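Student: Dropping the structure in here first, questions after.
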Amino acid sequence: LTASAREQANLMIALCMPAAAGVALVAHPLAEVMVGPALREGASTVTPWITLAGAFAGFTTYYFHQAFTLARRTGLLLAAMAVPAVANLALTLILIPRFGLNGALWATAASYGLGICASAIIGRRVMPLPIPWMTLARAGLATALMAAAVSQVPDFGGPVELFAKAAVGGVIYGVAAAILDVGGLRGRAMRMLTARRAGVAA
Numbered sequence: 001l002t003a004s005a006r007e008q009a010n011l012m013i014a015l016c017m018p019a020a021a022g023v024a025l026v027a028h029p030l031a032e033v034m035v036g037p038a039l040r041e042g043a044s045t046v047t048p049w050i051t052l053a054g055a056f057a058g059f060t061t062y063y064f065h066q067a068f069t070l071a072r073r074t075g076l077l078l079a080a081m082a083v084p085a086v087a088n089l090a091l092t093l094i095l096i097p098r099f100g101l102n103g104a105l106w107a108t109a110a111s112y113g114l115g116i117c118a119s120a121i122i123g124r125r126v127m128p129l130p131i132p133w134m135t136l137a138r139a140g141l142a143t144a145l146m147a148a149a150v151s152q153v154p155d156f157g158g159p160v161e162l163f164a165k166a167a168v169g170g171v172i173y174g175v176a177a178a179i180l181d182v183g184g185l186r187g188r189a190m191r192m193l194t195a196r197r198a199g200v201a202a
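In terms of this note's numbering, the sequence shown has 198 at position 198, counting the first letter as 1, and numbering is strictly consecutive.
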């Protein structure tokens, strides 16, 4: 179970971290392509924060919450889910009057961040799930390299900028992830290639 959980976490980190960062990096050209002129500026501001909150929520739901399901401790699951709900309500009441829409975005991202921490901590009481820190570090470095490269792409605007940044980001992250062996994906790819070659030779 531990090995399967670690493999799942590795895969989620290796795919979700660059995906979330990528959406945030192309928020402006994406808004130009997908949203009307009147709402583009607001959409490009909202997208990075919603993406961050979504990444936190996805990892919480599809990884850390599995500990409660497998251990059949749904009562503790409700307790873990209550943390982001209460935090979001409190932060919203504090931040929205002062910062408006930005306050709501900050409150949402922060509450889901607290939620993932609460689920990880409470979940360890019933079924500790591994946290692959090395994969987090390597994926974070690869994502940072991707972000640095994407930031150098000129702001052409519209679909040209969107395609150019997506292409550059995908290539840079793929190369960096392969060199750093994020989540052991390079090793698995090599084993699959070796097995395929052996099958063809046989």
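Here a beta-carbon is modelled for each residue, glycine too, at the ideal position from N, C-alpha and C.
Every value quoted in this text rests on a predicted model; they were computed, and no experiment measured them.
Give the straight-line distance between the Cα atoms of MET209 and GLN8, rounded to the nearest whole angstrom.
Tutor: Lying before the first or after the last residue shown, residue 209 is absent from the chain, which here runs from 1 to 202.
Student: Spatial neighbours of LEU180 within its chain, please: C-beta separation below 7 Å, excluding the five flanking residues on both sides.
Tutor: Excluding sequence neighbours, LEU180 sits near ARG138, LEU141, ALA142.
Student: Measure the alpha-carbon distance for ALA177 versus PRO128 and round it to whole angstroms.
Tutor: Distance between the alpha carbons of ALA177 and PRO128: 27 Å.
Student: Does ALA198 pass the burial test, meaning 16 or more other C-beta atoms within 10 Å, or should it be called exposed?
Tutor: So ALA198 ends up on the exposed side.
Student: Taking only runs of the beta strand (DSSP E) that begin and end inside the region 35-73, which ones reach a length of at least 3 residues, in chain order?
Tutor: Listed in chain order, there is nothing to give.
Student: Unbroken beta strand (DSSP E) runs of length 3 or more, entirely within the region 146-199: which are they?
Tutor: Those beta strand (DSSP E) runs which fall completely within the region 146-199 and span 3+ residues do not exist here.
Student: Tell me which residue opens and which closes the alpha helix (DSSP H) that PRO18 is part of.
Tutor: Run containing PRO18: 2-25, per the alpha helix (DSSP H) assignment.
Student: Can you give the beta carbon distance from PRO154 to TYR112, rounded, assuming they're within the 8 Å contact cut?
Tutor: PRO154 to TYR112, Cβ: 33 Å. No contact.
Student: Excluding five sequence neighbours on each side, which residues of the same chain lie with their C-beta closer than 7 Å to the C-beta of ALA147?
Tutor: So the qualifying residues of the chain are ALA21, LEU25.
Student: Assuming LEU114 is part of the alpha helix (DSSP H), what are its boundary residues?
Tutor: Segment 101-123, the alpha helix (DSSP H) holding LEU114.
Student: Can you check which of these residues, GLY174, PHE59, GLY58, ALA87, is closest to ALA144 by C-alpha distance?
Tutor: The option with the nearest alpha carbon to ALA144 is GLY174.
Student: In chain order, what residues of the same chain lie with their CB nearer than 6 Å to the CB of THR60, ignoring the 5 residues before and after it?
Tutor: Excluding residues within five positions, the ones whose Cβ falls inside 6 Å are GLY115, ILE116, SER119.
Student: Below 8 Å on the Cβ atoms is my guess for ASN10 versus GLY183; work out the distance and round it to an integer in Å.
Tutor: Indeed they touch by this definition, with Cβ atoms about 3 Å apart.
Student: How is PRO132 classed by DSSP in three states: helix, strand or coil?
Tutor: Looking at PRO132 - three-state DSSP - the assignment turns out to be coil, as it is neither helix nor strand.
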